[in-house]
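Report on the following structure.
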Amino acid sequence: MYDIQSYHQAASVADAVAALVRDPEAMPIAGGTDVLIQTREGRHAGCHLVSIHGLPELREIRREADGTLVIGSGCTFSQIHASPVLRPRVPMLCDAVDQVGSPQIRNMGTIGGNVCNGVTSADSAPSLLALEAQLELTGPEGVRRVPILEWYTGPGRTVRRREEILTALRIAPEQYEGWYGRYLKYGKREAMEISTLGCAVRVKLSPDRQRVEALRIAYGVAAPTPVRCPESEALAVGRPLDEALVKELGQHVLTELQPRDSWRASKAFRFQIARELCRRAFRQAVIDAGGAIHA
Ligand SMILES: Cc1cc2nc3c(=O)[nH]c(=O)nc-3n(C[C@H](O)[C@H](O)[C@H](O)COP(=O)(O)OP(=O)(O)OC[C@H]3O[C@@H](n4cnc5c(N)ncnc54)[C@H](O)[C@@H]3O)c2cc1C
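Per this note's numbering, the sequence shown starts with residue 1, numbered consecutively.
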């Protein structure tokens, strides 16, 4: 049963923020693919919803003059996957969001909802962490930006204040120019499957494509929140592209992860997948970057 006390369709972001300020019990709803499922399960009994669904100001994807990519929080996964602005610059993100749920979910679910729900299984999260996205929030005090690296505070929790709307995700040019990456998701089946574990790897090679210049590794469902692996990233810098590095990376990431047992997979199995996905994603990213792994 959908026990919804009140529903306000906002006319703008400013109107949504004002409605959230007016009603201390109100919460935003965008695509509703999380909120409505939870409401039906009775988790938000008597909820007060402020809808930002379909607001044109949240649906834009653009590239600013300095190269910064700006993705409106209300963009659906389908929109992101098909974006001619994003596809040539951040294909990893376009492909990651294409692994969410089913076509119906990807047509309704938004990237803003995926980030604001704060869950470790969100399929966009590892890519956004590896891209060091900046999150733009609008609240009663105005606009602020939060690096995604400071966003997650615990399972299902973020630094977003209750009356704030996430308006956009920003990716600076230095985060995508010269970088290549892959997101690999492990699930028991191909579609309609929440991630058992997901791994995003991004690599920048030296100009001769023989060494790692910089590396980013991020995981979902390998800890209570989506996480980066800074020590493993650092150990690869300057190293030649060889099997020893691939092996070492896969092993070292495990020291930076805290997966848990769940009905989906055991902790031991998640460690095994984490090692394997890191190695596979790294190999693929190196090939995408024009490099090769030597024996
Ligand atoms: C069948 C099914 C399969 C799914 N499969 C996957 C999957 O494979 N991978 C995956 O990652 N997810 C999956 N999901 C979860 C869901 O589709 C995503 O998390 C989606 O991104 C949520 O977006 P939404 O717009 O529907 O969010 P909503 O349900 O509208 O909101 C989610 C949360 O974010 C808040 N919120 C939303 N937008 C904003 C905003 N702009 N500012 C502030 N707060 C906001 C809401 O208050 C709420 O707390 C699945 C869901 C279903 C029902």
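For glycine and all other residues, C-beta sits at the position ideal for the given N, C-alpha and C.
Continuous alpha helix (DSSP H) stretch holding valine 115: start and end
111-116
Report the three-state DSSP secondary structure of valine 212 (helix, strand or coil).
Assignment of valine 212 by DSSP, reduced to helix, strand and coil, places it in the strand class.
Contacts around valine 227, its chain only, beta-carbon distance under 6 angstroms, and the 5 residues preceding and following it disregarded
Hits under 6 angstroms: Tyr219.
Please report the distance separating the alpha-carbon of alanine 214 from that of leucine 86.
22 angstroms
Going straight from the alpha carbon of alanine 130 to that of leucine 169, what length do you get?
13 angstroms
Out of curiosity, what's the CA-to-CA distance linking glycine 187 and leucine 277?
12 angstroms
Below 8 angstroms on the Cβ atoms is my contact criterion, and I expect proline 296 with alanine 223 to pass it. Report the Cβ-Cβ distance as a whole number of Å.
The shown model of the chain, from 1 to 295, leaves out residue 296, and the question about it has no answer.
Which one of Ile148, Leu69, Leu197 and Arg211 has the shortest CA to CA distance from aspartate 261?
Closest option to aspartate 261, judged by alpha-carbon separation, among Ile148, Leu69, Leu197 and Arg211: Leu197.
Lysine 185 - containing beta strand (DSSP E), residue span
Start and end: 180-186.
Buried or exposed: valine 143, going by 16 or more other Cβ atoms within 10 Å of its Cβ?
exposed
Take the Cβ of lysine 247 as the centre, count every other Cβ of all protein chains shown within 10 Å, and call the residue buried at 16 or more, exposed below.
exposed
Just to confirm the assignment, what range does the beta strand (DSSP E) spanning methionine 27 have?
26-29
Roughly how many angstroms lie between the CA atoms of serine 83 and alanine 274, to the nearest whole one?
Within the model, the alpha-carbon separation for serine 83 versus alanine 274 is close to 30 angstroms.
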